[in-house]
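In order, the protein sequences belong to chains X and D.
Each residue of the first sequence is one higher than the one before, counting from 1 in my numbering.
Each residue of the second sequence is one higher than the one before, counting from 1 in my numbering.
Don't be surprised by glycine CBs; every beta carbon is placed ideally from N, CA and C.
2 protein chains.
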Amino acid sequence: MSIVDRLAAARGELPCDLALRNARLVNVISGEIYPSDIAVHDRHVVGLGDGYEGAREVDLAGKFVTPGLIDAHVHIESSLVTPPEFARAVLPHGVTTVITDPHEIANVLGMEGIHYMLEQAKGGQLNIFVMASSCVPATHMETAGAQLEASDLAPLLSHAWVPGLAELMNYPGVALGDEGMLDKLTLFKDRVLDGHAPAMTGKLLNAYAAAGVQSEHECTTVEEAREKLRLGLTIFIREGSTTRNLLPLLPLITAENHSAICFCTDDRAPADLIDEGSIDFMLRQAVAAGIDPVMAIRMGSYNTARHFGLRKYGAVTPGRYADLLVVPDLYDFHAQQVYRGGELVAEDGRMASNRPPARKIDLPSTVNIRGDSLDFTIPARGEKIRVIGKVLDQVYTQHLVERARIVAGCAVSDTERDILKFAMIERHHASGKIGLGFIKGFGLQQGAIAGTVAHDHHNLAVIGVDDSSMRAAALALEKLGGGLVAAEGERILASLPLPVAGLLSEAPIEQVRADYATMTRAAQLLGSPLPDPFMVMSFMGLEVIPRLKLTDHGLVDVERFEVVDLFLK
Amino acid sequence: MSIVDRLAAARGELPCDLALRNARLVNVISGEIYPSDIAVHDRHVVGLGDGYEGAREVDLAGKFVTPGLIDAHVHIESSLVTPPEFARAVLPHGVTTVITDPHEIANVLGMEGIHYMLEQAKGGQLNIFVMASSCVPATHMETAGAQLEASDLAPLLSHAWVPGLAELMNYPGVALGDEGMLDKLTLFKDRVLDGHAPAMTGKLLNAYAAAGVQSEHECTTVEEAREKLRLGLTIFIREGSTTRNLLPLLPLITAENHSAICFCTDDRAPADLIDEGSIDFMLRQAVAAGIDPVMAIRMGSYNTARHFGLRKYGAVTPGRYADLLVVPDLYDFHAQQVYRGGELVAEDGRMASNRPPARKIDLPSTVNIRGDSLDFTIPARGEKIRVIGKVLDQVYTQHLVERARIVAGCAVSDTERDILKFAMIERHHASGKIGLGFIKGFGLQQGAIAGTVAHDHHNLAVIGVDDSSMRAAALALEKLGGGLVAAEGERILASLPLPVAGLLSEAPIEQVRADYATMTRAAQLLGSPLPDPFMVMSFMGLEVIPRLKLTDHGLVDVERFEVVDLFLK
Chain X
1 MSIVDRLAAA RGELPCDLAL RNARLVNVIS GEIYPSDIAV HDRHVVGLGD
51 GYEGAREVDL AGKFVTPGLI DAHVHIESSL VTPPEFARAV LPHGVTTVIT
101 DPHEIANVLG MEGIHYMLEQ AKGGQLNIFV MASSCVPATH METAGAQLEA
151 SDLAPLLSHA WVPGLAELMN YPGVALGDEG MLDKLTLFKD RVLDGHAPAM
201 TGKLLNAYAA AGVQSEHECT TVEEAREKLR LGLTIFIREG STTRNLLPLL
251 PLITAENHSA ICFCTDDRAP ADLIDEGSID FMLRQAVAAG IDPVMAIRMG
301 SYNTARHFGL RKYGAVTPGR YADLLVVPDL YDFHAQQVYR GGELVAEDGR
351 MASNRPPARK IDLPSTVNIR GDSLDFTIPA RGEKIRVIGK VLDQVYTQHL
401 VERARIVAGC AVSDTERDIL KFAMIERHHA SGKIGLGFIK GFGLQQGAIA
451 GTVAHDHHNL AVIGVDDSSM RAAALALEKL GGGLVAAEGE RILASLPLPV
501 AGLLSEAPIE QVRADYATMT RAAQLLGSPL PDPFMVMSFM GLEVIPRLKL
551 TDHGLVDVER FEVVDLFLK
Chain D
1 MSIVDRLAAA RGELPCDLAL RNARLVNVIS GEIYPSDIAV HDRHVVGLGD
51 GYEGAREVDL AGKFVTPGLI DAHVHIESSL VTPPEFARAV LPHGVTTVIT
101 DPHEIANVLG MEGIHYMLEQ AKGGQLNIFV MASSCVPATH METAGAQLEA
151 SDLAPLLSHA WVPGLAELMN YPGVALGDEG MLDKLTLFKD RVLDGHAPAM
201 TGKLLNAYAA AGVQSEHECT TVEEAREKLR LGLTIFIREG STTRNLLPLL
251 PLITAENHSA ICFCTDDRAP ADLIDEGSID FMLRQAVAAG IDPVMAIRMG
301 SYNTARHFGL RKYGAVTPGR YADLLVVPDL YDFHAQQVYR GGELVAEDGR
351 MASNRPPARK IDLPSTVNIR GDSLDFTIPA RGEKIRVIGK VLDQVYTQHL
401 VERARIVAGC AVSDTERDIL KFAMIERHHA SGKIGLGFIK GFGLQQGAIA
451 GTVAHDHHNL AVIGVDDSSM RAAALALEKL GGGLVAAEGE RILASLPLPV
501 AGLLSEAPIE QVRADYATMT RAAQLLGSPL PDPFMVMSFM GLEVIPRLKL
551 TDHGLVDVER FEVVDLFLK
């Protein structure tokens with residue numbers, strides 16, 4: 001089939017593959033809703049209006065037809081599953097296209113990680129556009145699995161599924177004109193440049209925009225979002241699992257500015273993807289809060305396609321791909337049928353076809369630990385120590401100073417005061433590097449928890465009451481090739497293998513969701529009061545968010561932006 | 001200067017080149033108007049807000065600042081002057097960017113004509129984006145100076161100033177899947193594809209859109225425009241010299257759909273450019289008719305930049321070029337100052353600098369006539385002839401049948417019935433081809449008028465009372481290398497040389513405008529009652545517009561789409 005056939009079908013000279021009859025078309029371009037038939041041929045919409053004959057015809061009896069939803073910014077890795085599994089999670093929710101930043105896997109595997117995502121996306125039922133990760137590693141105070149310079153990213157420029165440069169999280173570097181950042185910006189200057197500049201304001205923000213950045217998804221207040229939108233940044237309103245910005249930002253949206261606003265999810269855990277949904281969840285929330293449904297649908301589809309220059313996506317018009325949804329009620333947005341490229345891929349919240357066999361792509365082992373690095377002993381060199389203080393519902397921390405509990409000349413965990421030993425073990429190059437410190441707020445009374453998901457370097461994080469539990473947990477992860485583990489002494493209580501880069505499972509998402517719940521329960525049995533201790537732990541090594549964090553280089557005082565000693569003089 | 005300096009200026013760490021103070025900023029992205037300073041450095045806007053110090057500072061005392069205006073579709077050739085002169089005409093009207101289709105010069109000179117436009121645009125004060133002409137020649141029933149296939153256009157794909165493929169005027173060819181048209185569409189499939197499908201509707205229009213066409217500037221009624229907009233075509237509302245579609249189309253525009261609407265001028269004569277203006281004229285008309293000024297400005301700037309993917313144009317935000325206007329009154333839109341790339345290029349309706357010396361680009365002679373082709377004798381082969389009937393204020397014609405006036409066995413002009421001899425002489429390849437016929441409505445009582453502007457092939461058109469006047473006029477044009485001429489017998493009454501491709505003068509536009517008025521008066525002295533006989537004549541050879549036209553192949557019955565005999569059997 002070809003354009004010749006599509007034009008013949010458009011002219012009505014041959015029956016189209018599919019005729020959707022008696023739809024109420026939500027036309028996101030004209031901003032209208034009106035009755036129309038929709039002719040689909042060879043993956044594309046070819047005609048609107050009456051009188052098309054279809055090889056297959058479906059009477060929609062007045063149901064709405066909208067464009068397939070588009071997620072403007074998502075890290076697929078946060079779903080803990082592979083792209084095909086992620087697709088199975090979001091397609092039933094009406095999401096037919098995502099723009100992903102493979103930042104996590106790129107930090108582990110570099111270009112090989114980015115190519116893994118591109119390869120896994122290929123030929124699948126979800127349109128997955130992959131942005132070129134811009135900040136690998138995040139800073140010089142960590143050891144990531146790779147380092148990506150502009151020259152590494154250059155080959156991606158010609159890739160049809162790479163629209164541009166992913167979130168420029170080194171926002172001080174961009175605003176201050178860091179050479180490596182400018183090289184990347186220059187390389188991608190004619191493409192889409194995604195931003196990430198939480199709470200940036202005033203002249204520094206002007207500089208960030210002047211560098212050519214085009215979007216921002218980190219806004220948490222209307223005031224912040226308004227300043228950024230006025231500077232020309234398209235606002236991606238985000239509703240992640242932990243970062244829930246939609247309701248606070250709703251007052252930003254007006255009829256006059258909404259064409260510069262898109263919806264995104266950024267990071268969604270398996271349970272939230274399955275139970276709440278994705279962009280469709282945002283549509284339901286927005287409309288329930290009073291946003292006009294057509295405006296909401298635009299922010300969840302057309303605006304995003306337009307922002308990324310995806311001319312064949314985001315609307316139901318001739319010449320575009322037939323990515324479209326049948327929706328009975330715009331005020332309670334659920335996609336009854338999901339068509340992607342004219343093919344029915346999901347119906348009534350379930351995939352229309354069985355899970356395809358996983359496509360195996362060989363990746364190198366990414367959990368490489370030097371045995372002698374698993375020494376968690378901390379000889380006391382003083383009485384006072386810096387302690388990372390976990391803050392409720394936040395990924396930033398407190399910078400605490402506490403008295404060390406010293407046993408036999410060594411600083412050890414103190415369950416009474418909930419001060420636990422915390423180690424970050426370099427796991428990419430078996431360098432033997434290890435950062436050691438203490439953390440408050442995890443509440444373990446015995447054992448240890450460990451994981452290879454630790455933003456953004458994804459080294460091996462362990463928090464524990466005693467060194468042997470910590471060691472057992474770390475060794476178990478090495479054996480699994482990555483994942484999450486809870487251990488007590490030598491005994492492994494529970495584990496969730498994440499063999500792909502130590503980040504992703506190859507199991508079905510429902511299975512991963514169940515296993516993840518088991519992991520949480522295991523940590524709670526060890527005494528943690530946290531609802532999601534593994535998620536919290538994964539952010540305790542992220543040294544671009546204040547105030548005290550732990551990398552394999554040691555404790556990082558984020559405000560001073562330097563590595564500091566555990567012991568105070 | 002570089003991005004490093006711009007970021008430093010944005011951060012306020014060095015004084016910017018120019019600080020515009022106390023502006024009321026028309027923010028076309030947020031849809032707001034609010035007080036702001038604007039910092040400009042190294043051709044770019046680098047900051048909005050307070051506290052920027054400028055090497056130069058201008059207090060705007062509350063005047064509005066808007067983006068520079070953008071013309072979505074214009075044939076510069078219609079101004080009869082070179083691109084630098086055209087720039088001098090539109091910049092004082094606040095137009096800082098145009099997207100041009102070099103269709104006329106491409107029909108004469110092929111790729112050399114397109115490169116001439118690109119070269120003449122280079123380094124000038126107006127941003128001139130040049131679309132790749134898609135339909136050279138218009139049909140097989142004419143001899144143009146060149147024929148452009150997809151392979152000829154391919155090198156333009158990598159040109160920074162070529163956003164896409166120009167108006168696809170062979171709209172039946174596109175909708176019917178003509179192979180040559182599809183080759184061009186395929187070549188430019190990831191770029192902007194401009195449309196041109198007057199009065200097309202229904203399934204054929206669906207096919208036209210399904211081919212990937214993205215815009216349309218030929219709408220004359222709200223109904224037509226609404227159908228096209230709903231099919232995803234961005235509507236370029238046009239206000240040319242003869243085609244005045246703005247007021248009839250105003251009821252189309254709504255707050256909900258206006259982001260899919262842009263303004264364009266298509267074809268404007270020198271006098272209209274100077275007296276009325278360009279896109280600014282459209283803004284004044286639209287706002288006077290009740291359109292919200294911010295919406296009008298969007299349609300005249302931001303929407304067009306967005307449609308063409310020109311990320312650094314169309315709004316006043318950091319990172320974009322400082323193309324901006326100081327406007328005292330949004331309800332009577334006149335640009336008091338025009339900045340392009342941060343430089344003041346026009347003020348109070350005049351250019352800020354003197355006319356730069358013309359850049360001479362050598363082009364081949366384009367008026368090549370075989371001497372023996374100048375035989376206008378029409379031996380009578382019957383009594384009835386087909387006659388082109390000019391229709392008031394239209395470029396389409398009537399297909400008349402009249403009794404021939406026969407003298408000495410030859411059909412000749414008949415001034416009593418206003419049936420004049422009309423010749424179209426092939427002038428590109430000196431092939432000797434000539435089309436002969438008769439036309440009604442020009443009213444000459446003696447002499448002849450002739451011109452090398454004759455859409456789209458731009459052969460040499462002559463209308464006259466007697467053969468010797470016609471011959472004298474044609475020979476005069478050969479001598480001039482193209483232009484417009486009025487002759488009586490051997491005497492040349494007036495002439496306007498258009499030495500560039502027989503289409504453009506290298507004189508200042510004011511001079512061309514005055515000379516053009518002289519030409520009109522000369523034709524009127526010869527008896528023509530038409531207000532603009534040369535303009536009308538230039539469309540009498542355009543065989544893609546009904547009903548009867550004359551090319552060098554002979555009379556074309558446009559409805560039958562074939563060459564027909566002058567004499568009826």
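Around the CB of D/F561, fewer than 16 other CB atoms lie within 10 Å, so the residue is classed as exposed. The residue among X/I297, X/R491 and X/A210 with its C-alpha nearest the C-alpha of X/L182 is X/A210.
Residues of chain X with a Cβ closer than 7 Å to the Cβ of D/K203 are, in chain order, A10, R11, G12 and G47. A straight-line Cα-Cα distance of about 48 Å links X/P155 and D/L542.
Here X/Q214 is buried. Its C-beta has 16 or more other C-beta atoms within 10 Å. Here DSSP, grouped into helix, strand and coil, assigns D/P248 to helix. Within its own chain, the residues whose Cβ lies closer than 6 Å to the Cβ of X/A121, once the five positions on either side in sequence are excluded, are P83 and I128, listed in chain order.
With a cut-off of 8 Å on Cβ pairs, the segment 190-204 of chain D is in contact with the segment 8-23 of chain X, counting three or more such pairs.
Taking the C-beta atoms as reference points, X/D37 is found nearer than 7 Å to X/R21. Rounded to whole angstroms, the Cβ separation of X/F534 and X/L484 is 5 Å, and the two are in contact under 8 Å. Between the segment 247-259 of chain X and the segment 290-306 of chain X there are three or more C-beta pairs closer than 8 Å, enough to call the two in contact. In the three-state DSSP reduction, X/T139 falls in the coil class, being neither helix nor strand.
Put simply, the backbone Cα of D/I70 is about 11 Å away from that of D/L324.
Under DSSP, D/G195 forms a beta bridge with D/L168. Rounded to the nearest whole angstrom, the C-alpha separation of D/E119 and D/K360 is 10 Å. Under the 10 Å beta carbon count, X/H140 is surrounded by fewer than 16 other beta carbons and is classified as exposed. Taking the beta carbon of X/T317 as reference, the chain D residues within 7 Å of it are A209, L231 and G232, listed in sequence order. Under DSSP, D/E488 takes part in a beta bridge, and its partners are D/R491. In this structure, the CA atom of D/G110 is about 34 Å from the CA atom of X/T317. When C-beta distances to chain D are compared with 8 Å, the residues of the segment 248-281 of chain X below that value are T254, A255, E256, N257, S259 and A260, in chain order. In this model, D/G173 and D/Y208 are separated by some 9 Å (Cα to Cα). Taking the C-beta atoms as reference points, D/H458 is found nearer than 7 Å to D/N107. By the criterion of at least three beta-carbon pairs nearer than 8 Å, the segment 469-478 of chain X is not in contact with the segment 506-520 of chain X. For D/I105, the closest alpha carbon among the candidates D/V95, D/V130 and D/T96 is that of D/V130. Rounded to the nearest whole angstrom, the C-alpha separation of X/G527 and X/E402 is 22 Å.
By the Cβ neighbour-count rule, X/T186 is exposed, with fewer than 16 other Cβ atoms within 10 Å of its own.
Against chain D, the beta carbon of X/H196 has no neighbour under 7 Å; the closest one sits roughly 16 Å away.
Here the segment 354-370 of chain D makes no contact with the segment 271-285 of chain X; the two share fewer than three CB pairs at distances below 8 Å. The count of Cβ pairs closer than 8 Å, one atom from the segment 433-451 of chain D and one from the segment 479-493 of chain D, reaches three, so the stretches are in contact. Out of D/I291, D/L231, D/K433 and D/E276, the CA that lies nearest to the CA of D/R370 is found in D/K433. Under the criterion of beta carbons closer than 8 Å, D/T254 and X/G31 qualify as touching, at roughly 7 Å. For X/I378, the closest of X/M351, X/G341 and X/L420 by C-alpha to C-alpha distance is X/L420.
Boundaries of the beta strand (DSSP E) around D/R403: T397 to R403. D/L330 has a beta carbon lying at 7 Å or more from every beta carbon in chain X. Looking at the DSSP output, X/L153 sits in no beta bridge, so it has no partner there.
Contacts with chain X at 7 Å (Cβ-Cβ) do not include D/N303.
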